[in-house]
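K.L.:
Here it is, the structure, as structure tokens.
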Amino acid sequence: MNSMLERLSREFRVTDIIERNARLTTFTVDRDVAETLIRELRDREGYTHLNFMTAIDYIERGVFTLVYMLHNYATKSTLGVHVNIDRDNAEMTSIHTLWAQAWTYQRELRELWGINFPGSPRIEEDFCLEGWEEIPPMRREFDTVEYCERTFVSRDGRETTDPREHMHEVIFPERGGDN
Amino acid sequence: MPQPPTHSSSLDMSQPEPVDLSSGKYVKLWQGPQHPGITGNMSLELTLCGDEIVECKTHVGYLHRGFEKFMERRTYIQNFTVVCRIAVPEPTFNEYLYSAAIEELAGIEIPERASWLRALNLEMMRLASFLMWTGGMSGAFGLYTVPNWTLTYRDYLLDLFEELTGARIYHMYIVPGGVRNVLPDGWKERTLEILKGTEKLLREVERVMMNNAVFKKRAKGLGIITPDMIDPYGIVGPNARACGVERDLRKDEPYLVYDQLDFEVITGSASDAYERAWVRQQEMYQCIDLIRQMLARCPESGPFQAEMPNVLHWKIPPGETYHKAECTRGEYGYYVVTDGSEYIRRVHVRGPSYTHGIAVMEKLAVGTNIADIAGLMVSLHTYPPEIER
Chain D
3 MNSMLERLSR
13 EFRVTDIIER
23 NARLTTFTVD
33 RDVAETLIRE
43 LRDREGYTHL
53 NFMTAIDYIE
63 RGVFTLVYML
73 HNYATKSTLG
83 VHVNIDRDNA
93 EMTSIHTLWA
103 QAWTYQRELR
113 ELWGINFPGS
123 PRIEEDFCLE
133 GWEEIPPMRR
143 EFDTVEYCER
153 TFVSRDGRET
163 TDPREHMHEV
173 IFPERGGDN
Chain G
37 MPQPPTHSSS
47 LDMSQPEPVD
57 LSSGKYVKLW
67 QGPQHPGITG
77 NMSLELTLCG
87 DEIVECKTHV
97 GYLHRGFEKF
107 MERRTYIQNF
117 TVVCRIAVPE
127 PTFNEYLYSA
137 AIEELAGIEI
147 PERASWLRAL
157 NLEMMRLASF
167 LMWTGGMSGA
177 FGLYTVPNWT
187 LTYRDYLLDL
197 FEELTGARIY
207 HMYIVPGGVR
217 NVLPDGWKER
227 TLEILKGTEK
237 LLREVERVMM
247 NNAVFKKRAK
257 GLGIITPDMI
267 DPYGIVGPNA
277 RACGVERDLR
287 KDEPYLVYDQ
297 LDFEVITGSA
307 SDAYERAWVR
317 QQEMYQCIDL
327 IRQMLARCPE
337 SGPFQAEMPN
347 VLHWKIPPGE
357 TYHKAECTRG
367 EYGYYVVTDG
377 SEYIRRVHVR
387 GPSYTHGIAV
397 MEKLAVGTNI
407 ADIAGLMVSL
417 HTYPPEIER
């Protein structure tokens, strides 16, 4: 593992290598070489299983971190490949030729985060949402409560309570919300 | 250990060419989202030439409840009541994986007794889910006696869950730090009794379903998964094991107490709908055996909850982790990212149906007879709620 990561650091400018636990290591790689690196991991290093693809919205830094989780069945090790992409120009190379299920993840990422993967099959099609015209809902600035209040009407006689306040005031009043 | 061939350039993963609907040779037919033959609300957009499917597109979203977004706005302890709702037939895996991920990031170690009780819970959940699946599978092929039997026994198992946890479906039993309570008096004996009945039932199912000439004729050769599809399509669980791939997270990367239990990975030889059913049938016997082993060895005293901080003000240090476990459909996983605040930064739920229900389904459906499409879908054991989360 270490020699592989050293080689990757040299060849692909891999940074932020962190051993999260005995089986999971994560690192960050530049967007322009990410697809080549992932292909290399699959074809040469035995990371043949794509566990999943997802994104994390770091709105405060203006980036989306794409996460490709790859698994090597022989060594039982998992690699989390992080790729930071600009929130305002959210576009990434498609990996649908590497794994057959990748285009599904990419469709989801486009719909829910607004990240585009040019060339990915059926990328324009709706995934979970139909006729969605708001900003992509998984973006941090999308306010679910505000959207619901604007879109739906509360039924009369129905009271809602903030669960956190309810815990403080009703369930654990003796703690007074303090440690 | 048999492994599938590595990625082969000869495997065609490209999307099929769209058919020319204006030619008059084809009919477009929607199956679902209410079709009883599929295990949940999902629809298939089928293009037929005669009664043969030439194109299949899957449509999900009917159960999208935005769990992952919802969880970003809830505290860690509030989320534990949410996660079980993500996959209805197997909520326990969500509870376990969420808790395990949070515990790792918070540096909490659970007591040994809690590990045994968690594994016992997971294995019982697997058995209940397999029984439900057996009902769906036999129903999809017109054998309507079997669902009545298997769902009855699933209900007996749910009775046991109710007694142990207070709930039949959403147990909320596995909590960060351990489990909520220990086995009630007499529960172990009642469980052993139900297991005895379930074992007898499985032998009946074997006679009525697995040895049924109609089921055999229709299920054999239906939706064949070849070993070279396994990695490129991300196929896991019984769907992969049925074609001889010996992969099971309980054995390969043991969690909880699975490394202390005696069991073998069950594999088949050619992953068609029949072989997948056969593997699941054998795995149900295995579940019963594992539950018996755990009931015999589970510690009867000792703590079952770790020392926990005040969960109303629980802040977890920045970090990320991925935990996975072998549910009835294969690898189920929770990817959790924390940023040091009271709220989860990101959670991603990886369900096996994501690939089995979409990419694999769309490939296998082509060339299938319309009458067998429900059976094919059930044979892949898909749960749409875990696709759209």
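Taken in order, these protein sequences are the chains called D and G. When we follow this note's numbering, the leftmost residue of the first sequence carries the number 3, and every step to the right adds one. When we follow this note's numbering, the leftmost residue of the second sequence carries the number 37, and every step to the right adds one. Built from N, CA and C at the ideal position, the CB exists for glycine as well.
1. With DSSP as the reference, label Gly-233(G) as helix, strand or coil.
2. Under the DSSP definition of a beta bridge, which residues are partnered with Val-63(G)?
3. Between which residues of its own chain and Asp-32(D) is the CB-CB distance below 7 Å, once the five residues before and five after are set aside?
4. With a floor of 3 residues, list each beta strand (DSSP E) that falls wholly inside the segment 78 to 107 of chain D, ordered by position along the chain.
5. Helix or strand or just coil, what does DSSP make of Asn-115(G)?
6. When DSSP labels each residue in this structure, what does Asn-181(D) get in the three-state scheme?
7. Can we say the segment 385 to 405 of chain G touches the segment 88 to 99 of chain G, given the rule of at least three CB pairs closer than 8 Å?
8. For the 8 Å Cβ check, are there 3 or more pairs between the segment 103 to 118 of chain D and the segment 46 to 61 of chain D?
9. Under a CB-based cut-off of 8 Å, is Gly-3(G) close to chain D?
10. Report the partner residues of Gln-341(G) according to the DSSP bridge assignment.
11. Who does His-73(D) pair with in a DSSP beta bridge?
12. Just mark Leu-163(G) as buried or exposed, buried being the case when its beta carbon has 16 or more other beta carbons within 10 Å.
13. Please report the distance separating the alpha-carbon of Ile-230(G) from that of Asn-247(G).
14. Taking C-beta to C-beta, are Met-245(G) and Ser-305(G) nearer than 8 Å?
15. Assuming Trp-6(D) and Glu-47(D) make a contact with CB atoms under 8 Å, what is their CB distance in whole Å?
16. Any residues in the segment 75 to 87 of chain D with a beta carbon nearer than 8 Å to a beta carbon of chain G? Which ones, in chain order?
17. Kindly say whether Thr-27(D), judged by its beta-carbon, lies nearer than 8 Å to any beta-carbon of chain G.
18. Report yes or no: is there a C-beta of chain G within less than 8 Å of the C-beta of Asn-181(D)?
19. How would you call Lys-252(G), buried or exposed, if buried means at least 16 neighbouring beta carbons within 10 angstroms?
20. Note down, in chain order, every chain G residue with its Cβ under 7 Å from the Cβ of Trp-115(D).
21. How close, in whole Å, do the beta carbons of Phe-116(G) and Met-208(G) come, if the pair is a contact with beta carbons under 8 Å?
22. Can you tell me whether Ser-305(G) is helix, strand or coil according to DSSP?
23. For Thr-364(G) versus Glu-140(G), is the C-beta spacing smaller than 8 Å?
24. Would you say the beta carbon of Cys-85(G) comes nearer than 7 Å to a heavy atom of the ligand MG?
25. Residues of chain D with CB under 8 Å from Leu-326(G), in chain order?
P.N.:
Put simply:
1. helix
2. Leu-84(G)
3. Arg-15
4. 79 to 88
5. helix
6. Residue confidence is low: Asn-181(D) scores 42 on pLDDT, short of 50, so the model does not pin down where it sits. No coordinate-derived value is stated.
7. yes
8. yes
9. Beyond the ends of chain G as shown, which are 37 and 425, falls residue 3(G); an answer cannot be given.
10. Gly-214(G)
11. His-51(D) and Thr-80(D)
12. buried
13. 24 Å
14. no
15. It should be noted that the sequence gives Met, not Trp, for residue 6(D). Met-6(D) to Glu-47(D), Cβ: 6 Å. Contact.
16. Tyr-75, Ala-76, Lys-78, Thr-80 and Gly-82
17. no
18. Bear in mind that the predicted position of Asn-181(D) carries a pLDDT of just 42, short of 50, making it too unreliable to give a figure here.
19. exposed
20. Going along chain G, no residue has its Cβ under 7 Å from Trp-115(D), so there is no contact; the nearest lies around 11 Å.
21. 7 Å
22. coil
23. no
24. Looking for the ligand MG in the displayed structure turns up nothing, as the structure carries no ligands at all.
25. Going along chain D, no residue has its Cβ under 8 Å from Leu-326(G), so there is no contact; the nearest lies around 21 Å.
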